[in-house]
Every structure is written in C-alpha cells, then in structure tokens.
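Read the structure below first, then the notes.
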Amino acid sequence: MSIADRVRVDSLSVSGERPPAPEWGSDVVAEMLRRLDVEYVSLVPGSSFRGLHDSLVNYNGNRSPSMILCNHEEVSVAIAHGYAKVRGRAMASIVHSNVGLMHATMAVFNAFEDRRPLLLLGGNGPMDATRRRPGLDWVHTTHGQGELVRQYTRWEHQPTGVAAVPDTLLRAWHATHTEPAGPVYVDLDAGWQEQRLDPSVPLLLPDPADFPLPTPPAPDPILVRQAAEWLTQAEFPVILPGRLALTQNAWDDLIALAEALGAAVLLERRSTGSFPTDHVLCQSGMGVRATSEAAGVIKQADVVLALERSDPAGTLRGALTPAGETGRDGWAELSWPRLINVSLEPLHLSSWMADYYELPRAGLPILASAERTVQLLLEEVRRKLTDAPALQANVTQRMAAHRAARATLEATWEAARQRSWDARPVSVARAVVELRQALGERYPQAVLAYLPLAWPNGAWHFNRPGAYIGGDGGAGIGAAPGLTVGAGLALADSGRPVIGVLGDGATLMAPTALWTAAHHRIPALMIVINNQSYFNDEEHQERVARTRGRPPENRWIGQRMADPGVDFAALSRSLGVEAFGPIAEPGELAPAMQAAARALAEGRPALVEIRTASR
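Rendered as structure tokens:
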C-alpha cells in the first residue's frame, strides 16, 4: 500500500453520472465545497442535513470533500481543528442541528482560542413550519441557532435561501482564514436543502479564484527600524515566539534573527514549535520546570520581542514577581524590560471572553503579521550590525554565555532522566526516550500533535517546522485524541509519523476518535500516559487544603480514576486500533514502542498505554 492510499474513504456502491449542474438546494452547498477545494468533511450523521449528506455522496461522489465518519461531534470538530493546525487551512465539519452543535461547542471554543480556521456547517429546520414532520423536526428547529457559538466564532450566519448560499460560503471561507483566524458557523435550513431547483432560474456560482484571501498587514517600516534599534543596542535581548506559521521560511527567518542578535529564545508548550529546541539559543524547555527556567532568563532581559505570544504581559509578570507574591500588587514597581509586541490579537478583542489577557506594556506595539515582521526585522538588524564591531562583539559574548547556560540546562535534564530511568511506575521521560529510539531514522520527521503537562525537557527535540503543532487552545480536556487524528489525517500522504502524547483523562473523554482512525486508516500513534488521576486538579486541591489548614491527604477524593482502573489498550483494541500495554515495567517499554512504530510506519493507527507516576 502506498503512502497516498493510507487514508480510506468510503467508495460508492453504485456510481452514477454526476449531474452537470446542481439539481437540489443542497447540491449548491456541495458544489461550493468542491470549488473551495475542501478536502475532507468530518461529521456525525443527522437528519437536519440529510439533503446535504446525499449531495456529498451522490452529487460529489464522496470526493472533494470526502466524509470522515465520527461518533461524537466534539471529536469531529477536534479532528478538523487538528487538520487546520497542520495545513493552515480549513477542512469542514457538519453538526446535526442544535443537539449536534451543543455537543461540538467545546471543540469550537478550542479552535477559537487557538486562532485556527474551521468551516462548521449545521442543519436546522425546516424553518418553514408547514414543512416540518411531526415530532423531532420541531425539537431540532432553533431560532437563531448560531447564538450557541456566536461568542466564540469569527462569524455565524443562516442564509435564507439557496441563492444566498454561494456568497455565504465564500464569505465564511474568507472569514475563517483572515488573520487572526477562527471558526465560522453556517446554519443550513433543511427546507431549502431539499428544495428542487428550477433550471430556468439562473444560479450564480462564483469561482473562488476570483476572490483571493486578503494577506495580513505588513508592519510599519518606522516601527521595524525602531525595533531593530532597540534589539541591536540591547545588552540581553529575549525572543518569545508564540503562534507562528509552520513554514520553512518562518522557521529559517526566526533562527537567523536570533543568531544575528545572540538573543535567548523561550518557547512555550501551548504555542507552536517555531524554533529548534536543540539550538544553543533555546534557553528553556517546554515541559516540567520550563516556567522557572524561563523566569531566570527573563529577569536578565532588557529588551523582549514577543511574536504572537498569547500572554506576553503575564509571561513577564510571572517571571519578575517575587516568589510567594500573587495578584498584581506592586505591578507598577517591577523593573520591566522594553517590550516589542508583534501581534494581531487587538483585532480579535471579545466582549464576552477575557482571552485578551493583561494589556501589554509594550513600548513598541506592532499590529502586523509576525512572520512578515521577522523577515523585515532580520534585514534591518543585519544592516545595523554591518560595520558595527562593538555591537558584533556583544553578540559574540552573548552567544558564549548562552552556550554555557545551555550546557548547564542539558546536564540538568540528563540528570533528571537518569534519576527516573528505572523508576516504577514508568517515568514519562523514559517513555519518550524509548519512543524516540524506536522511531530510529524517522524520529527527525516526527510531528508531535499533543504534549502532556509532564513533558520531559531535553528528551525529545523539535528541530524542523511542524515538529510540534501546539496546544489545544482553550485548555478543555478531551481535545487531544481528535487533534492527533486530525493531524494524522492532514499528514497521511507526507510520510511523517504523527504522535500524540495524551493524558488518561483526555483519552477517556473522547475515545471514539480511535474508531475514526481505525475506520479511515489514519496513521497516528497515541501514547496514553495513565496516572489514573486528574492529577493537575489533585495539586489544586492540595494547595487549597494547605492554605486553609486542612488535610492535604484528602486531595485524591473525586480525582482518582481507579477501582476500577481503565484498560486503555483493551478499549483501543475494541475500537479497532492496534494497542500495546498496559505497561508498568520499564523493561517492557522498548519492545512495545518498537511494535507501535512499525504499525505506524505501515500506515496503521496504534496506541501504547503506560502506567506512570503522577509527575
């Protein structure tokens, strides 16, 4: 089987001749999805879009888009979210009326918070009450259905008739992809979906090529020159990358800028891996202890360049606030570095959601594309450093200091791995190293679709664009399985192994993603880190109990997933996915990881369950 054939989509039992033009209202939707070059549509079937379902099958032939069958709308939308994180463009997802949309809401919120494109379609009605069948047609008709997700979509709309559909879908496509990106919801009346078109009435079907997507704004050249001045004159510049495009050009430009400045780079787990984690200028990890490592670097900074960082002010304040202090007391008295904040987030301001974080005290706010800003900033920095030996000497000194600091970091990380190598239950660090070794030559091409809080620093490196696609956006438990399958779907023809390192709580919330991976033969490997607890919340309960002088030993109540414990490997096998484990002994890891890596290389989804310590 070739790589290109790895994803299986259902083939028609009876192939009919495709009509030369749309014949039914829903055919117009299918035609526009084909013209927009939508590759896949994930869905859970529902009668409110039975007309569209028929059009996708018998008008489009289940191609462009092809259906990805799911068993829960939250998984369906999470798959579309994971696909968009990799491809940078939307696939579609369809939900059944109000009840399907209610199931999907958390996944829609995650895509909104992650600023990812998502074309979400839903059925409704019939809005014409005279066309409703007795019973459920009434329950599944909602006035203003889009209000369910209005506060966390870029745009939602319900076209009133077939003639409005092409413009609606074209506008939705623009809205979801225009930076800062986000999901859109289009509500489709079941009445006009099932309406036969009058061939004598002309229907305008636009060519999307005539409506190219707008490019994000470029930075003001004056601000770029000022930023370059600050950075080249800085004693200790620091770069905080956030959500950057996973392209080779963006990757290369950021490396070149950091090296030209001798600037420390601090990544974060919830953002994309936009800089090589094995580079000497990468001065913190992305997992355990990363916050404290980053804080030590930020305290030395006199100029900070934030690039679509989700909370730059919070990052700085968290690092600079004295230990033990909380809130914003004494905020004004902190010694703040100069901040250059490159972000389009002001265009995403919401009256409903406080995801705008603290207002950054940025001396240079740049409302522009981060990738384009880095490109122009690199040119300006190089120009300023030319024939400036004193500035170049400063860069050389900083590089030497960062090289020494990096060596200390790596030694610390290695010592932590060695201490936990033979631990029982199995350590996450050993699991990650054994997986890396099992992948062998494929390790550098691997894509990590999700990381746990317990991610071990230094055990795995992201050293190319797209090696890590970032967090779930809204921090809603349950997204990880769907995101991993969505990333596997997007990369099925690339040959790159896709891996999600998932928590037990997230996996138990959305296990049906495994069936979708098995049914469609989506190559993705899920490593379930099973500590049998919602342990992050155990830690919260311990903090509260200690603060109140109460026994912290009771923190496990209402948190532990034991008695009975969940056998994720058995659950996975029952859903059609090859599984290994549960693994509780360190010596069992290597053969299990090797077998899982073989399954993945052969195009099969797989799962490895590991019984680990809480941290």
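Residue numbers (the numbering used here): 1097 to 1711. Backbone N, C-alpha and C fix where the C-beta goes; we use that ideal spot for every residue, glycine too. Everything numeric in this text was worked out from a predicted model, so none of it was measured.
Cα-Cα separation between residue i and residue j, rounded to whole angstroms
i	j	result
Pro-1312	Arg-1646	53 Å
Pro-1276	Leu-1443	7 Å
Val-1195	Ala-1286	15 Å
Ile-1462	Ala-1352	20 Å
Ala-1489	Tyr-1179	45 Å
Leu-1401	Leu-1445	21 Å
Leu-1129	Ser-1160	7 Å
Ala-1486	Arg-1413	32 Å
Arg-1694	Leu-1610	18 Å
Ser-1668	Pro-1607	8 Å
Tyr-1546	Val-1597	6 Å
Trp-1427	Val-1320	Below a pLDDT of 50, predicted positions are generally treated as unreliable, and Trp-1427, at 49, falls in that range; the measurement from the model is reported next regardless. Spanning the two alpha carbons is a distance of roughly 28 Å.
Tyr-1452	Ser-1367	16 Å
Thr-1238	Trp-1551	44 Å
Leu-1108	Val-1153	8 Å
Thr-1256	Gly-1582	32 Å
Gly-1654	Pro-1337	37 Å
Glu-1119	Met-1605	41 Å
Glu-1638	Tyr-1630	13 Å
Gln-1690	Ala-1534	5 Å
Leu-1197	Arg-1246	12 Å
Trp-1432	Pro-1540	38 Å
Gln-1389	Gln-1379	What sits at residue 1389 in the sequence shown is Glu, not Gln. So the two alpha carbons sit approximately 8 Å from each other.
Val-1624	Leu-1579	14 Å
Trp-1269	Ala-1519	51 Å
Glu-1331	Ser-1172	49 Å
Thr-1201	Thr-1492	51 Å
Leu-1587	Val-1182	8 Å
Arg-1267	Leu-1350	33 Å
Enclosing beta strand (DSSP E) for residue i [first to last residue]
i	result
Gly-1147	It is not in any beta strand (DSSP E) - Gly-1147 instead sits in the alpha helix (DSSP H) that spans 1146 to 1150.
Tyr-1564	Premise fails: Tyr-1564 is in no beta strand (DSSP E) and is neither H nor E.
Val-1399	1399 to 1403
Pro-1678	1674 to 1679
Leu-1746	Nothing in the structure corresponds to residue 1746, since the chain is present only between 1097 and 1711.
According to DSSP, residues forming a beta bridge with residue i
i	result
Ile-1625	Gly-1599 and Ile-1706
Trp-1288	Beta-bridge pairing links Trp-1288 to no other residue.
His-1253	Val-1282
Tyr-1136	Ser-1162
Val-1438	Leu-1403 and Ile-1462
Pro-1333	Val-1399
Ala-1188	Val-1137 and Leu-1215
Val-1594	Val-1543
Ala-1361	One point to set straight first is that residue 1361 is Val, not Ala, in the sequence displayed. DSSP lists Ile-1335 and Cys-1378 as partners of Val-1361.
Span of the alpha helix (DSSP H), counted from its first residue to its last, around residue i
i	result
Phe-1208	1193 to 1209
Pro-1577	1576 to 1586
Val-1125	1121 to 1131
Met-1689	1685 to 1697
Tyr-1179	1169 to 1183
Glu-1389	1386 to 1394
Ile-1351	1344 to 1357
Val-1105	Run containing Val-1105: none; DSSP gives neither H nor E here.
Leu-1265	1261 to 1273
Thr-1411	1408 to 1416
Val-1235	1232 to 1235
Leu-1445	No alpha helix (DSSP H) contains Leu-1445, which DSSP labels as neither H nor E.
Thr-1608	1608 to 1615
Closer than 7 Å: residue i CB and nearest the ligand FAD heavy atom
i	result
Ser-1465	Ligands are entirely absent from the displayed structure, and the ligand FAD is therefore not among its contents.
If contact is defined by three or more beta carbon pairs under 8 Å, each pair taking one atom from either stretch, is the region 1323 to 1341 in contact with the region 1515 to 1530?
no
Going residue by residue through the region 1489 to 1555, where are the continuous beta strand (DSSP E) segments of at least 3 residues, counting only ones entirely within it?
Whole beta strand (DSSP E) segments, 3+ residues: 1543 to 1546.
Are the region 1199 to 1209 and the region 1565 to 1577 in contact at 8 Å, needing three or more beta carbon pairs?
The region 1199 to 1209 is in contact with the region 1565 to 1577.
So, does the region 1673 to 1687 touch the region 1696 to 1709, judging by three or more C-beta pairs under 8 Å?
Taking a cut-off of 8 Å on C-beta distances, the region 1673 to 1687 touches the region 1696 to 1709, as three or more cross pairs fall below it.
What alpha helix (DSSP H) runs, 4 residues minimum, are completely inside the region 1630 to 1667?
1631 to 1643
Counting beta carbon pairs with one atom in the region 1210 to 1221 and one in the region 1179 to 1190, are three or more of them shorter than 8 Å?
yes
Is there contact between the region 1646 to 1658 and the region 1678 to 1688, where contact requires at least three CB pairs shorter than 8 Å?
no
I want to know whether the region 1579 to 1597 touches the region 1501 to 1510 - three or more CB-CB distances under 8 Å.
With a cut-off of 8 Å, the region 1501 to 1510 and the region 1579 to 1597 do not count as touching, because too few Cβ pairs lie within range.
Are three or more beta carbon pairs between the region 1223 to 1242 and the region 1166 to 1181 nearer than 8 Å?
no
Hey, is the region 1162 to 1172 in contact with the region 1300 to 1307, meaning 3+ C-beta pairs nearer than 8 Å?
no
Evaluate contact between the region 1468 to 1480 and the region 1505 to 1514, counting only Cβ atoms and requiring at least three cross-stretch pairs below 8 Å.
no
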